[in-house]
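Asks:
Numbering (this note's numbering), first residue to last: 4 to 176.
Now the structure itself:
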């Protein structure tokens, strides 16, 4: 399986399990529904953040040989997670008579899926970037590029004068 399929199925399972646990918890303690909703939302966000950070750290350690576009990987995965989690949540409600969703199938696979896509995609891509930065922060990437500031280049003894426009005029004085 490709990486986006694994991430999509994994995040689908995380989202559906969170919604089922939320439905069971709200049925057991209805007065705590708001707090339980926030906790399940945070749980799904944390899974996306950690998984994205692990992807970013792995990509950062591989360096330039990593040609994976993690933005597209996580976009595809979040689309799979959104539609599949919406459908499975509706299915749990229809078959198991469990109050996982109070919405229709059309709502779950459109608007509900769009929310899930954002819930997975945004934190995952942000944490991929942070993870990549974290893994590469101490790595020497070779020589630094030269500054565009001519005064700073003049102060650098290793800079070559033949790239400057007025180097011959300055050398005569």
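A virtual CB, placed ideally from N, CA and C, is assigned to each residue, including glycine.
#1: Taking the alpha helix (DSSP H) that residue 32 falls in, what are its first and last residues?
#2: Can you tell me whether residue 10 sits near the ligand NAP, meaning its C-beta is under 7 Å from at least one heavy atom of the ligand?
#3: Using 8 Å for Cβ pairs, my map puts residue 83 next to residue 128. What's the rounded Cβ distance?
#4: Use the C-beta contact count for residue 51: other C-beta atoms within 10 angstroms, 16 or more gives buried, fewer gives exposed.
#5: Quick check: the Cα distance between residue 88 and residue 107, rounded to an integer number of angstroms?
#6: Which runs of the alpha helix (DSSP H) at least 4 residues long sit entirely within the stretch 72-101? Give them in chain order.
#7: Under a three-way DSSP split, which group does residue 135 fall into?
#8: Would you kindly work out how many angstroms separate the C-alpha atoms of residue 97 and residue 104, rounded to a whole number?
Replies: According to the structure shown:
#1: For residue 32, there is no enclosing alpha helix (DSSP H), as DSSP marks it with neither H nor E.
#2: This structure lacks the ligand NAP; in fact it carries no ligand of any kind.
#3: Contact doesn't hold; Cβ gap of about 15 Å is too wide.
#4: buried
#5: 13 Å
#6: 73-99
#7: helix
#8: 9 Å
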